[in-house]
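Residue numbering for the sequence shown follows the numbering used here, beginning at 100 and increasing consecutively.
Some notes on the structure that comes next.
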Amino acid sequence: MAKLDSQITADLDVHLICDNYATHKTPAITRWLAAHPRFYMHFTPTYASWLNRVERWFGLLTDKKLRRGTHRSIHALEKDIGQWIADWNDDPKPFTWTKTAVVILERLNSYLQRIPGAGH
């Protein structure tokens with residue numbers, strides 16, 4: 100965040116979108132944010148990992164490569180992962196939302212209503 104702070108024009112607010120992982124809420128982060136009021140943290144909802152693009156990418160890696168592969172060594176696993184990443188980078192495919200934000204939020208709200216304690 101210090102690097103972002105130094106590289107982004109001082110008159111701009113900075114909005115960070117993060118998952119709800121505990122490392123984004125440590126006392127050190129809380130103190131840093133208090134000292135840098137132009138930074139705003141926004142968290143994806145709990146139980147909504149599909150909103151996190153990084154998690155979605157790892158899901159693709161798992162579905163397309165790891166579940167289908169047989170690896171006889173850690174080296175073979177690392178080589179397969181490295182090749183998959185190289186292939187992805189040679190022909191990247193952007194993630195495209197196919198539903199509007201309203202539809203997504205309505206479905207999320209409906210889902211959360213069915214989970215005891217969700218959203219509290």
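The beta carbon of each residue, even a glycine, is placed where N, CA and C say it ideally should be.
Euclidean distance between Cα positions of residue i and residue j
{"i": "H135", "j": "T122", "result": "18 Å"}
{"i": "K178", "j": "T199", "result": "38 Å"}
{"i": "L165", "j": "A109", "result": "43 Å"}
{"i": "L204", "j": "K192", "result": "25 Å"}
{"i": "P215", "j": "D162", "result": "29 Å"}
{"i": "N151", "j": "T197", "result": "15 Å"}
{"i": "D186", "j": "K124", "result": "35 Å"}
{"i": "L103", "j": "L132", "result": "12 Å"}
{"i": "I184", "j": "A127", "result": "33 Å"}
{"i": "A101", "j": "R171", "result": "42 Å"}
{"i": "V153", "j": "Q212", "result": "26 Å"}
{"i": "I230", "j": "L111", "result": "Outside the displayed span of the chain (100 to 219) sits residue 230, for which this structure offers no information."}
{"i": "T232", "j": "Y120", "result": "Outside the shown range of the chain (100 to 219) lies residue 232, about which nothing can therefore be said."}
{"i": "T195", "j": "T129", "result": "33 Å"}
{"i": "R137", "j": "I107", "result": "11 Å"}
{"i": "V202", "j": "D190", "result": "30 Å"}
{"i": "P144", "j": "N208", "result": "10 Å"}
{"i": "L176", "j": "R155", "result": "20 Å"}
{"i": "N188", "j": "S105", "result": "29 Å"}
{"i": "Q182", "j": "R167", "result": "14 Å"}
Cβ-Cβ distance between residue i and residue j below 8 Å
{"i": "L115", "j": "Y139", "result": "yes"}
{"i": "F142", "j": "D118", "result": "yes"}
Residue i at chain B interface by Cβ criterion, 8 Å
{"i": "S105", "result": "Structure shown: chain B not included; a single protein chain is present."}
Counterpart residues of residue i in DSSP-defined beta bridges
{"i": "I116", "result": "H141"}
Closer than 7 Å: residue i CB and nearest the ligand COA heavy atom
{"i": "A200", "result": "With respect to the ligand COA, the structure offers nothing, as it holds no ligand at all."}
- prompt: If you scan the segment 157-210 from start to end, which runs of the alpha helix (DSSP H) of 4 or more residues do you find wholly inside it?
  reply: 173-189
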